[in-house]
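Q:
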Amino acid sequence: AQSVAQPEDQVNVAEGNPLTVKCTYSVSGNPYLFWYVQYPNRGLQFLLKYITGDNLVKGSYGFEAEFNKSQTSFHLKKPSALVSDSALYFCAVRDISGNTPLVFGKGTRLSVIA
Amino acid sequence: DARVTQTPRDKVTEMGQEVTMRCQPILGHNTVFWYRQTMMQGLELLAYFRNRAPLDDSGMPKDRFSAEMPDATLATLKIQPSEPRDSAVYFCASGLQLTGARGNEQFFGPGTRLTVL
Chain A
459 AQSVAQPEDQ
469 VNVAEGNPLT
479 VKCTYSVSGN
489 PYLFWYVQYP
499 NRGLQFLLKY
509 ITGDNLVKGS
519 YGFEAEFNKS
529 QTSFHLKKPS
539 ALVSDSALYF
549 CAVRDISGNT
559 PLVFGKGTRL
569 SVIA
Chain P
7 DARVTQTPRD
17 KVTEMGQEVT
27 MRCQPILGHN
37 TVFWYRQTMM
47 QGLELLAYFR
57 NRAPLDDSGM
67 PKDRFSAEMP
77 DATLATLKIQ
87 PSEPRDSAVY
97 FCASGLQLTG
107 ARGNEQFFGP
117 GTRLTVL
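The following block contains the structure:
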């Protein structure tokens, strides 16, 4: 079975500081990993994904994520947070050997304070 | 700019009434998903289709919920009768999932906010 854990319900960071939103996953084989962002009253928007290759993946709005197989993690990062980054962030996983939908974490609410 | 569309965006109804939510997936996508989002449960997968065939609807209360894809451009989620506990935001998502290309992302619609009084 596939699962995703986002251990923090809420992350607060000052504008201009680096941010990290944590995600760990569990799959039986190799994973496809995704990050989505949800702004208020909007649907989820795709940010970035890891399929294969370089463990550091760069995505939209200056976000990046690092795939760490040994720690089964895929943390989302940004070097300098903006107030406009405040939103709900979801990590998701799919086993590459399966034929199943993405499994989403419960989400982490990021608040960037000016 | 291709996107998933959903109607209505907001729906307020009374308990016992039928509710139908509609979704137009992105043209060319072969997989459609229905999710429900609440504060308590987060994002729950209700059902999904591939090439218009239902693959899994185990997340759906069978006695009152039904999901269909009458054609490739329309997916519907129906609740009959509706109950206050069905109040949530319902999202449709679509994607292109092919053998050997399962890394494609899902694209979400803006959601239907349902309030059952």
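Residue numbers (the working numbering), protein chains in the order written: chain A, 459 to 572; chain P, 7 to 123.
Ideal Cβ placement from N, Cα and C applies to all residues, glycine included.
On a predicted model such as this, the values are computed, not experimentally measured, just so you know.
So, at 6 Å on beta carbons, what are the nonlocal neighbours of F525(A) in its own chain, with the 5 sequence-adjacent residues on each side left out?
A: Y508, N513, F532.
Q: Could you please give the first and the last residue of the uninterrupted beta strand (DSSP E) stretch that includes M27(P)?
A: That run of the beta strand (DSSP E) goes 25–30.
Q: Specify the secondary structure class of S64(P) as computed by DSSP and reduced to three states.
A: In this structure, S64(P) counts as coil in the three-state DSSP scheme.
Q: Does DSSP put S542(A) in a helix, in a strand, or in coil?
A: Helix.
Q: Are the C-beta atoms of L51(P) and some chain A residue less than 9 Å apart?
A: It does; some Cβ of chain A falls within 9 Å.
Q: Closer than 7 Å by C-beta to Q86(P): which residues in its own chain qualify, once you throw out the five before and the five after it? Chain order, please.
A: Correct list, in chain order: E24, R70.
Q: Against chain P, with Cβ distances strictly below 9 Å, would I571(A) count as a contact?
A: No, its Cβ sits nowhere closer than 9 Å to a Cβ of chain P.
Q: What did DSSP end up calling S569(A) once you bin it into helix, strand or coil?
A: DSSP places S569(A) in strand when its eight states are reduced to three.
Q: Identify, in the order they occur along the chain, each residue of the same chain with its Cβ nearer than 8 Å to the Cβ of L102(P), setting aside the five sequence neighbours on each side.
A: Cβ neighbours of L102(P) beyond the five flanking positions: G34, H35, N36, T37, N110.
Q: Under 7 Å Cβ-Cβ, which residues of chain A neighbour P116(P)?
A: Those are R500, G501, listed as they occur along chain A.
Q: What three-state label does DSSP hand G101(P) in the structure shown?
A: Three-state result, G101(P): strand.
Q: Give me the Cα-Cα distance between L560(A) and P489(A), rounded to the nearest whole angstrom.
A: L560(A) and P489(A): Cα-Cα distance of roughly 11 Å.
Q: Taking the CB atoms as reference points, tell me whether T19(P) and T118(P) lie closer together than 9 Å.
A: Taking 9 Å as the Cβ cut-off, T19(P) and T118(P) do not qualify as a contacting pair.
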